[in-house]
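Colleague: Numbering (UniProt numbering), first residue to last: 1 to 708.
Below: one structure in C-alpha cells.
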C-alpha cells in the first residue's frame, strides 16, 4: 500500500518529443518547435534541433518504404525498357544506413546515354548487378545476372522460395516456376542506342557487299548455320534502306563485317594473294565495333558474333585468339542458360527455340574442333553437349515468326540442317576418340602394345577402339541419301553435293584420328619386338590387330588425299571442298600418316611404295596450290619434306643418291627449290619445327605449333 507521501507526489509528465540538446543535457524539454522553452532562454537557442529516435525511426521506415517501391517498380514488366539507373541515395537524416543492393536496368553504353543533370557519372566498377562472384547471386531471377544453377546460392534460395510459396499460396494459385526464362525474347533484343552518337560505319560498295553476303549464305551458312537467316537478312536490308535496326546496331554491324571477312577468304572474284588483306580490313573494322565488356552480361547477338569470329580466326595465324574467342562464346552461352533444355523450352516461339539450339550446338561444334586442333581439353562435357536437343530439321524459311504449331519441312525436300545434325553426331564421336585415345599416359608397359591399347582398363567415359570404330560405322550407315557421296540425288543440288563432300572429308579425318595412335605406337616399338614366349610376336593377336589398324590408317589417309585431289577445281575456285584452311589440316594430317607408313616394312608389304608415293605427290601438290592463300601451306610443305627426307635417309643404301625434290609434273616445283636446306635451312620458315626422333612418334599426333 502506497504512503500518503507517494500519493501526494505529482507524476512527471513524459515528453514524447525532445530536442537533441535537452536530451544531451538531460533537461526537461517542453517539445515546442521550432525552438523549445529551455533552448529559447539560452544564447545559442538557434541550435535547437530535433533528430530524436522517433524521427530516426520514421525516416528509416520511410526510406525502406521508398526502396520497396523502387524494387517493385524495377521488377515491373516494362522495367527492361528503361535505361536510367535508379537513384538510391540515402535519406539525409539517416547517418549510417544499411548496405543497399542496386539493381540496374537494361545496360546502356555511356557514349550514347543521355545523362541527367543530377545523375553522377558511372565508373567502371560501379555497374554491379547484385551478383557476388563467390555466392553466385544475392538476388536471383534477373536477366542482367545471367543463369545460375542449383549449386549456386541463388538456386538454393529459389528452392526455398518455391517451398514457401507452396505453403502460403491457395490451392488455386499457381506456384512460381522453379526457373524463369532469362529473357522474354531471345530475338527481340533492344536497339540499345549504345553506339556512338554519330555512327562511323564503313561499308563496301553495295555490289561488293551483296556479293560477299551471297558467298556467306551459299558457301558458309549451309555448313555453319549459327544465325537466324530471316532476321539477319532483314537487318541487312534495313541497313541499306536507312531504317532503324531491331537489334543493337553496333553488334549487327560488327557481325556483318565478320561475315565480309569470312567471305573474303573464300571469294573467287578476289585474287588469292589479295584475300588475306581484304579479310583483315573487314575484321579490323569488326574489332573496332566490338564492344565486349567483361562486366556486362552477354546476349544472343554476342554469342553469334563470337562464333563467327572464331570461325574466321581459323583462317589466320591467330591461334591463341581463336581459342580464347571460342571459350568466350561458350561461357556467354552458358550464362544465358542455353545449355539447358528447360531454358530453351520457355522461349515463346519456335523461331527463338530454334536459334537457341543452333547457338548452343554451334558452341559445342567449335569447342570440339578447337579441342582436336590444339590438343587441349574441351570446355563442354559430353553430358552438357547432349542435354539440349538438336535443331529441328526445318530450314529457317519455313519457320514463321509467330507460328503456334511446330513447323514442318516440306515433304520430299531435305533440310540444310541435316548436315549440321550429322556433323554434331560425328564430332561427338571424335570427342570420344580424343578422350579415350589421346589422353596423357605414362610409359608403363610402353613396349607391350597389347597392354597399351587392347587390354587396358577403361576409365569412366572411355571407349575401346573397337567400340569407336563401330560407332563410326553406324554413323556412316545412318547418313541420309542426299549426303552420301556418289549418290545421284545430291548432284542435282550444289549445296547438298558440297555438304556431302565436306561431311566425307570430316569423316575420313576422324577415322585417321581413331587409328593414328595405334600406327604411332606400332612404329615406335617395331625395333623392340622380341620372342619371349612360345608364340612369336609377329603372330600374336595384338600385334596382328595393331598391324591391321596401321594399314587401315594409311589407306584412309590415301582416301582422304584422293577425295580432296579429285575435287580441287582446275580453274582455281573453291569448288565443293571444305574451306582451304581445313583442307590444309586434312592433307597435312594424311601426309604425316604416309610418312609413318614408310617406316614400317610390314605396312609396305600391304601397300606398295608406288601407291604411297603417288598419294604423297598429290598431297604436296594440293598444299602447293594453297601457298598463295596462306603462308601456313608453305610451312606445311617444308615440314613434310624434311620429315620425308629423314625417312628416306633411314632406308637408303650406301652410295644411293636421295632426290627429295621429286614432283608431280602437274603440281609445279617443290618448295625446296625456294628454300636453302642443309646448313642453310631458313630459320624464319621453320622456327618452331624440330627434326623428329623416329623412336618417339609423338610428332605423328601433332602439327607444327605455328601452323594454325
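Just so you know, even glycine gets a beta-carbon here, dropped at the ideal spot from N, CA and C.
Check whether the Cβ atoms of residue 565 and residue 498 sit closer than 8 Å, and answer yes or no.
Modeller: No, Cβ-Cβ distance for residue 565 and residue 498 is not below 8 Å.
Colleague: Suppose you measure from the CA of residue 627 to the CA of residue 575; what does that come to, to the nearest Å?
Modeller: Near 17 Å, if we compare the C-alpha coordinates of residue 575 and residue 627.
Colleague: For residue 235, name the three-state secondary structure that DSSP assigns.
Modeller: helix
Colleague: Can you name, in chain order, every residue of its own chain whose Cβ lies under 7 Å from the Cβ of residue 356, other than the five neighbours on each side?
Modeller: 186, 338, 344 and 347
Colleague: Taking the beta carbon of residue 439 as the centre, do at least 16 other beta carbons fall within 10 Å, making it buried, or is it exposed?
Modeller: exposed
Colleague: Let me know the secondary structure DSSP gives residue 666 once reduced to three states.
Modeller: Model confidence at residue 666 stands at a pLDDT of 42, short of 50, so the residue's coordinates are unreliable; what they give is reported in the following sentence. Residue state, collapsed to three classes: coil.
Colleague: Take every Cβ of the segment 248–263, pair it with every Cβ of the segment 296–312, and state whether three or more of those distances are shorter than 8 Å.
Modeller: yes
Colleague: Is it true that the CB of residue 216 sits closer than 8 Å to the CB of residue 263?
Modeller: Going by beta carbons, residue 263 and residue 216 fall inside the 8 Å limit.
Colleague: Taking 8 Å as the cut-off, decide whether the C-beta atoms of residue 304 and residue 226 are in contact.
Modeller: With contacts defined by Cβ atoms closer than 8 Å, residue 304 and residue 226 form a contacting pair.
Colleague: Go ahead and label residue 408 buried or exposed: buried means 16 or more other beta carbons lie within 10 angstroms of its beta carbon, across all protein chains shown.
Modeller: exposed
Colleague: Alpha carbons only, please: which of 621, 623, 620 and 594 is nearest the one belonging to residue 609?
Modeller: 594
Colleague: Label residue 245 either buried or exposed according to how many other C-beta atoms from any shown protein chain fall within 10 Å of its C-beta, with 16 as the threshold for buried.
Modeller: buried
Colleague: How do the segment 546–556 and the segment 284–294 stand: do at least 3 beta-carbon pairs fall below 8 Å, yes or no?
Modeller: no
Colleague: State buried or exposed for residue 709, treating a residue as buried only when at least 16 other CB atoms are found within 10 Å of its CB.
Modeller: Only positions 1 to 708 of the chain appear in this structure, which leaves residue 709 out of reach.
Colleague: For the alpha helix (DSSP H) containing residue 482, list its first residue and its last residue.
Modeller: Premise fails: residue 482 is in no alpha helix (DSSP H) and is neither H nor E.
Colleague: When the Cβ atoms of the segment 573–588 are set against those of the segment 596–610, are three or more pairs found closer than 8 Å?
Modeller: no
Colleague: Inspect the beta-carbon positions of residue 496 and residue 426 and report whether they are closer than 8 Å.
Modeller: no
Colleague: Check whether the segment 315–331 and the segment 227–239 are in contact - that is, three or more C-beta pairs closer than 8 Å.
Modeller: no
Colleague: For residue 254, I'd like the list of residues in its chain whose CB is within less than 7 Å of its CB, leaving aside the five on either flank, ordered along the chain.
Modeller: Within the same chain, residue 254 has close Cβ partners 286, 289, 290 and 305.
Colleague: Using only CA atoms, which one of 360, 504 and 282 lies nearest to residue 302?
Modeller: 360
Colleague: Report the rounded CA-to-CA distance for residue 581 versus residue 349, giving the unit in angstroms.
Modeller: 37 Å
Colleague: Going by C-alpha to C-alpha distance, which of 621, 422 and 519 sits closest to residue 544?
Modeller: 519
Colleague: Comparing C-alpha positions only, which one of 236, 477, 509 and 406 sits nearest to residue 369?
Modeller: 509
Colleague: Check residue 550 in the structure and name its three-state DSSP category.
Modeller: helix
Colleague: Could you tell me the distance, in whole angstroms, from the CA atom of residue 273 to the CA atom of residue 313?
Modeller: 18 Å
Colleague: Measure the Cβ-Cβ separation of residue 468 and residue 432 and say whether it is below 8 Å.
Modeller: For residue 468 and residue 432, yes; Cβs fall inside 8 Å.
Colleague: Would DSSP call residue 29 helix, strand or coil?
Modeller: Residue 29 carries a coil assignment under DSSP once its states are collapsed to helix, strand and coil.
Colleague: Between residue 550 and residue 330, what straight-line distance do the alpha-carbon atoms span, to the nearest angstrom?
Modeller: For residue 550 and residue 330, the gap between their C-alpha atoms comes out near 36 Å.
Colleague: Out of 236, 268 and 47, point me to the one whose CA is closest to residue 569's CA.
Modeller: Measuring from the Cα of residue 569, the nearest candidate turns out to be 268.
Colleague: Considering only residues of the same chain and omitting the five flanking positions on each side of residue 480, which have a CB-CB separation below 6 Å?
Modeller: 418
Colleague: What is the DSSP secondary structure of residue 103, counted as helix, strand or coil?
Modeller: Confidence at residue 103 is low in this model, with a pLDDT of 30, below 50, so the placement of that residue should be treated as unreliable; the coordinate-derived value is given next. Residue 103 falls in the coil class under three-state DSSP.
Colleague: Please name the residue, chosen from 639, 466 and 366, that lies closest to residue 428 on a Cα-to-Cα basis.
Modeller: Restricting attention to 639, 466 and 366, the CA atom closest to the CA of residue 428 is found in 366.
Colleague: Count the other C-beta atoms from every protein chain shown that fall within 10 angstroms of the C-beta of residue 406, then say buried if there are 16 or more, exposed otherwise.
Modeller: exposed
Colleague: Enumerate in chain order the residues of its own chain whose CB-to-CB distance from residue 511 is below 6 Å, with the five nearest sequence positions on each side excluded.
Modeller: 556, listed in sequence order.
Colleague: When the Cα atoms are used, what is the spatial distance from residue 710 to residue 643?
Modeller: Because the chain here runs from 1 to 708, residue 710 falls outside it and cannot be looked at.
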